[in-house]
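Participant:
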Amino acid sequence: MLVEAGEITPVQLAKAIELQKDGNERLGQVLVRIGAASEKAVGEAVAKQLGLQYVDLDDVLPEEQALLALPEHLARRYQVIPLRLNNGKLRVGMVDPLDVVALDDIRRHTGQEIETVVISHGGFQRVLPQYPALDENVQAMIQEIKADPHEELGLETLRRLVQEAPVVQLVNLIILQGLRQRASDIHIEPLDTRVRIRFRIDGTLYNIMTPPKRIQAAIISRVKIMADMDIAERRLPQDGRIDLKVEGREIDLRVSTIPTVFGEKVVMRILDKSAMLVGVEQIGLLPDSRKQFEAMIARPYGILLLTGPTGSGKTTTLYTMLSQLNNMERNIITIEDPVEYQLLGVNQVQVNPKAGLTFANGLRSFLRQDPDVIMVGEIRDEETARIAIHAALTGHLVLSTLHTNDAPGAVVRLIDMGIEPLLVASSLIGVIAQRLVRVLCDKCKQAHTPPAEVLERLGVPLGSRDGAGAIYRPVGCDFCGKIGYRGRTGIFEIMAVDEEIKALIMKHSSMVQVKKAAMKAGMRSLVEDGLAKVSLGITSVEEVVDAVSAD
Numbered sequence: 007m008l009v010e011a012g013e014i015t016p017v018q019l020a021k022a023i024e025l026q027k028d029g030n031e032r033l034g035q036v037l038v039r040i041g042a043a044s045e046k047a048v049g050e051a052v053a054k055q056l057g058l059q060y061v062d063l064d065d066v067l068p069e070e071q072a073l074l075a076l077p078e079h080l081a082r083r084y085q086v087i088p089l090r091l092n093n094g095k096l097r098v099g100m101v102d103p104l105d106v107v108a109l110d111d112i113r114r115h116t117g118q119e120i121e122t123v124v125i126s127h128g129g130f131q132r133v134l135p136q137y138p139a140l141d142e143n144v145q146a147m148i149q150e151i152k153a154d155p156h157e158e159l160g161l162e163t164l165r166r167l168v169q170e171a172p173v174v175q176l177v178n179l180i181i182l183q184g185l186r187q188r189a190s191d192i193h194i195e196p197l198d199t200r201v202r203i204r205f206r207i208d209g210t211l212y213n214i215m216t217p218p219k220r221i222q223a224a225i226i227s228r229v230k231i232m233a234d235m236d237i238a239e240r241r242l243p244q245d246g247r248i249d250l251k252v253e254g255r256e257i258d259l260r261v262s263t264i265p266t267v268f269g270e271k272v273v274m275r276i277l278d279k280s281a282m283l284v285g286v287e288q289i290g291l292l293p294d295s296r297k298q299f300e301a302m303i304a305r306p307y308g309i310l311l312l313t314g315p316t317g318s319g320k321t322t323t324l325y326t327m328l329s330q331l332n333n334m335e336r337n338i339i340t341i342e343d344p345v346e347y348q349l350l351g352v353n354q355v356q357v358n359p360k361a362g363l364t365f366a367n368g369l370r371s372f373l374r375q376d377p378d379v380i381m382v383g384e385i386r387d388e389e390t391a392r393i394a395i396h397a398a399l400t401g402h403l404v405l406s407t408l409h410t411n412d413a414p415g416a417v418v419r420l421i422d423m424g425i426e427p428l429l430v431a432s433s434l435i436g437v438i439a440q441r442l443v444r445v446l447c448d449k450c451k452q453a454h455t456p457p458a459e460v461l462e463r464l465g466v467p468l469g470s471r472d473g474a475g476a477i478y479r480p481v482g483c484d485f486c487g488k489i490g491y492r493g494r495t496g497i498f499e500i501m502a503v504d505e506e507i508k509a510l511i512m513k514h515s516s517m518v519q520v521k522k523a524a525m526k527a528g529m530r531s532l533v534e535d536g537l538a539k540v541s542l543g544i545t546s547v548e549e550v551v552d553a554v555s556a557d
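To convert a position in the sequence shown, counted from 1, into my numbering, add 6.
1) Would a C-beta distance cut-off of 9 Å place R452 and I497 closer than the cut-off?
2) Cβ of P68 within 9 Å of Cβ of P88?
3) Name the two residues that bound the continuous alpha helix (DSSP H) containing E506.
4) Are the CB atoms of G128 and G543 nearer to each other than 9 Å?
5) Take H156 and list the residues in its own chain whose beta-carbon comes closer than 7 Å to its own, dropping the five residues that flank it on each side.
6) What did DSSP end up calling G493 once you bin it into helix, strand or coil?
7) Do you know how far the Cα of A416 is from the Cα of A524?
8) Give the straight-line distance between the Cα atoms of L37 and H454, rounded to the nearest whole angstrom.
9) DSSP three-state label for G415, please.
10) Let me make sure I understand the geometry here. Which of R260, D278 and Y137 has the alpha-carbon closest to that of P217?
11) By how many angstroms is the C-alpha of D378 removed from the C-alpha of L331?
12) Is DSSP giving M517 helix, strand or coil here?
13) Specify the secondary structure class of D552 as computed by DSSP and reduced to three states.
14) Measure the C-alpha to C-alpha separation of A72 and K46 and round it to an integer number of angstroms.
15) Spatial neighbours of E162 within its chain, please: C-beta separation below 6 Å, excluding the five flanking residues on both sides.
16) So, at 7 Å on beta carbons, what are the nonlocal neighbours of S432 in its own chain, with the 5 sequence-adjacent residues on each side left out?
17) Within the same chain, show all residues whose beta-carbon is closer than 7 Å to that of S318, passing over the 5 residues directly before and after it, in chain order.
18) Name the DSSP bridge partner or partners of T266?
19) Below 8 Å CB to CB, which residues in the same chain sit around L510 once its five sequence neighbours on both sides are set aside?
20) Could you give the C-beta distance for T263 and E256, rounded to a whole number, given that I count them as a contact under 8 Å?
21) Mind the definition here: the region 207-227 touches the region 175-195 only if three or more C-beta pairs lie below 8 Å; say whether that holds.
22) Report yes or no: do three or more beta-carbon pairs, one from the region 488-507 and one from the region 444-451, lie closer than 8 Å?
23) Can you give me the C-alpha to C-alpha distance between I421 and I180, rounded to a whole angstrom?
24) Could I get the ranges of all uninterrupted alpha helix (DSSP H) runs contained in the region 298-381, with 4 residues as the minimum, in chain order?
25) So, for M100: in the same chain, excluding its five sequence neighbours on each side, which residues have a beta-carbon less than 6 Å away from its beta-carbon?
26) Quick one, are the C-beta atoms of I338 and M302 less than 9 Å apart?
27) Suppose the cutoff is 7 Å on Cβ atoms and the five residues either side in sequence are ignored; what does the same chain contact list for M298 look like?
28) If you drop the 5 nearest sequence neighbours on each side, which residues of the same chain put their C-beta closer than 6 Å to that of G383?
29) Is E506 buried or exposed, if buried means 16 or more other CB atoms sit within 10 Å of its CB?
30) Taking only runs of the alpha helix (DSSP H) that begin and end inside the region 192-256, which ones reach a length of at least 4 residues, in chain order?
31) Among Q118, G528 and R386, which has the Cα closest to the Cα of L76?
32) Use the C-beta contact count for I477: other C-beta atoms within 10 angstroms, 16 or more gives buried, fewer gives exposed.
33) Please classify A238 as buried or exposed, where buried requires at least 16 other C-beta atoms within 10 Å of its C-beta.
34) Just to confirm, are R296 and E287 a CB contact at a threshold of 9 Å?
35) Hey, out of D387, Q348, N353 and L349, whose CA is closest to T364's CA?
36) Excluding the 5 residues flanking A22 on each side, which residues of the same chain have their C-beta closer than 7 Å to its C-beta?
Put into structure tokens, the structure is as follows:
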């Protein structure tokens, strides 16, 4: 069928049949593994052969009630994703719809009539991490929490409940699982009939468990007590923090609550003090970019700006710079909102607007503290920008961040704030724009050819680039939690301000002219840096598209 459809050639089919003899894989899996056919083409052919429907899980969102009907361990064992539960009929997507043992087991466990559709193995791997898993240990803890879903818990009852072992163990388990899965945030979200617990891992939210509504107040109140918050106050947002030592690591949890229509929502931001302090070699700079980076921070004075949207890794890069510069010969002062990590030997100041300590007046005071290096968490207004540039012009190295899409945009932003072009040109050392992309799991990444429309969106044909290596895509395995990615790295656009760019700034030139001059001088754009990492097998084309598509 695939040959007739023009999806594969007879030669590819013969090769796949030969390879199939050596293992237990189905023919379709072999064709996908050797890059002869796409998973979608194989799935559609299998569905047609069996008279079933093919469902692309990238286009369909499984219903939560369907997912809750079948335990995660059975879904994992049989490579099944429940999609919809309606009038006693459960629609399930199966990688292998010929597995009659699996169908009988699912029918027996759910008590529902089963309707089967075909899904791809890759689609199954992508959706499985979103499964609201509740293993037997968690189920047992929840059963032990004696909370009546129809009773409004009084304050004293709640205080007693949150000190009992099952609640304490469950909250500890959620936090520990978040740390072990490298989550940056833990979300506890009240829904109409359940509580949803999600982890943000490498920038993406994954559903971890969906316990019953009756234990909502107990879980949220336990977190609030740990964070030294007022458990009686449920109508106003609150902030708190939890300091933990887990498996030898010092962990700082920043806790935030907000009232929603279904109860209080809690987000715990995980700050791992050991993970934040990374070296220059770990943030993702290619060798030539690293030389530029190190040359910029070696300058004795001037201002160096980092740009990018929220969550693009600017803070990590700032701390990396400070770690490089931090020695006995330098006086380094920072003003931050908030101070996320404490650096030994660096004088760190927390912004406190209520007490009158803003970025601007804190920065003004710093100049009387004999600093060598000043780090300003963010330049938000003209006053802060003016004082930072004044500090850079009077012999200090100033590091800061700005919200712009790319490096040349920072120049225009400063001028738009009201800073004279002459001052910008005289003080600016350079601008580094950055984004974060997920790193492909080394254990399971697979060589392939991306769809033509993806390459077209990037505007750079990969095949035409000199020295482009193999292109890989995510697959998913036990090592990466079936996601296909493990960890994140940066893609960078580094613009050094040379004499030509200074002249353009003083002429009040447009961002396009500044960008052309920077590219001519050797600046690699965000897209090009991303593509370089694709050709090195570090990330996927799709990740680069997602990172730069807003631009």
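Just so you know, even glycine gets a beta-carbon here, dropped at the ideal spot from N, CA and C.
Facilitator: In terms of the structure at hand:
1) Taking the sequence shown and counting its residues from 1, one reaches residue 452 at position 446. Taking the sequence shown and counting its residues from 1, one reaches residue 497 at position 491. The question names Arg, but residue 452 is Gln in the sequence shown. Contact: no.
2) On the sequence shown, position 62 is the one that residue 68 refers to. On the sequence shown, position 82 is the one that residue 88 refers to. Yes. Within cutoff.
3) Residue mapping note: residue 506 aligns to position 500 of the sequence shown, counting from 1. Where E506 is concerned, the enclosing alpha helix (DSSP H) stretches over E505 to M512.
4) Counting from 1 along the sequence shown, the entry for residue 128 is found at position 122. Counting from 1 along the sequence shown, the entry for residue 543 is found at position 537. G128 is not a Cβ neighbour of G543, given a cutoff of 9 Å.
5) What you label residue 156 is simply residue 150 of the sequence shown in a count that begins at 1. Any reading at H156 is ruled out, since the residue's pLDDT is 48, under 50, leaving its predicted position unreliable.
6) Taking the first residue of the sequence shown as 1, we reach residue 493 at position 487. Strand, per DSSP.
7) Within the sequence shown, residue 524 is the residue found at index 518, counting from 1. Within the sequence shown, residue 416 is the residue found at index 410, counting from 1. Cα to Cα, the separation comes out at about 13 Å.
8) Sequence index remark: in the sequence shown, residue 37 carries index 31 (1-based). Sequence index remark: in the sequence shown, residue 454 carries index 448 (1-based). Each residue's Cα considered, the two are about 12 Å apart.
9) Within the sequence shown, residue 415 is the residue found at index 409, counting from 1. Of the three classes helix, strand and coil, the one that applies to G415 here is helix, per DSSP.
10) The residue you call residue 217 lines up with position 211 of the sequence shown. Nearest C-alpha to P217: Y137.
11) Position 325 of the sequence shown, counted from the first residue, corresponds to residue 331. Position 372 of the sequence shown, counted from the first residue, corresponds to residue 378. Spanning the two alpha carbons is a distance of roughly 10 Å.
12) Within the sequence shown, the letter at position 511 stands for residue 517. Reduced to three states, the DSSP call for M517 is helix.
13) Here residue 552 corresponds to residue number 546 of the sequence shown, with the count starting at 1. Correct three-state label for D552: helix.
14) Taking the sequence shown and counting its residues from 1, the one referred to as residue 72 is at position 66. Taking the sequence shown and counting its residues from 1, the one referred to as residue 46 is at position 40. When rounded, the distance between both Cα atoms is 23 Å.
15) The count along the sequence shown starts at 1 and reaches residue 162 at position 156. Cβ within range, chain order: n/a, list empty.
16) Mapped onto the sequence shown, residue 432 falls at position 426. L399, listed in sequence order.
17) The residue given as residue 318 occupies position 312 in the sequence shown. So the list reads Q440, R441 and L442, once near-sequence residues are dropped.
18) Translated into positions along the sequence shown, residue 266 becomes position 260. Paired residues: G269.
19) Your numbering for residue 510 matches position 504 in the sequence shown. So the qualifying residues of the chain are Q519, V520 and A523.
20) In the sequence shown, counting from the first residue as 1, residue 263 sits at position 257. In the sequence shown, counting from the first residue as 1, residue 256 sits at position 250. Actually they are not in contact, since the Cβ atoms of T263 and E256 sit about 24 Å apart, beyond 8 Å.
21) yes
22) yes
23) As a position in the sequence shown, residue 421 is number 415, starting the count at 1. As a position in the sequence shown, residue 180 is number 174, starting the count at 1. The alpha-carbon atoms of I421 and I180 are separated by roughly 47 Å.
24) Here the runs fully enclosed are 320-331 and 365-372.
25) Walking along the sequence shown from the start, residue 100 turns up at place 94. These residues qualify, in order along the chain: V86 and T122.
26) Indexing the sequence shown from 1 puts residue 338 at position 332. Indexing the sequence shown from 1 puts residue 302 at position 296. For I338 and M302, no; Cβs fall outside 9 Å.
27) In the sequence shown, the residue the question calls residue 298 occupies position 292. The sequence given here places Gln at residue 298; Met does not occur at that position. Hits under 7 Å: I500 and A502.
28) As a working mapping, residue 383 is identified with position 377 in the sequence shown. Closer than 6 Å at the Cβ level, and outside the excluded window around G383, lie E342 and D343.
29) As a working mapping, residue 506 is identified with position 500 in the sequence shown. So E506 counts as exposed.
30) 222-232
31) Looking up residue 76 in the sequence shown gives position 70. Of the candidates Q118, G528 and R386, the one whose C-alpha sits nearest the C-alpha of L76 is Q118.
32) Here residue 477 refers to the residue found at position 471 when the sequence shown is read from its first residue. That one is buried.
33) Within the sequence shown, the letter at position 232 stands for residue 238. Exposed, by the Cβ-count rule.
34) Here the question's residue 296 lines up with position 290 in the sequence shown. Here the question's residue 287 lines up with position 281 in the sequence shown. A contact, by the Cβ cut-off of 9 Å.
35) One-based indexing of the sequence shown puts residue 364 at position 358. Selected option, being the one with the closest Cα: D387.
36) As a working mapping, residue 22 is identified with position 16 in the sequence shown. So the qualifying residues of the chain are L33, V36, L37, I40 and A42.
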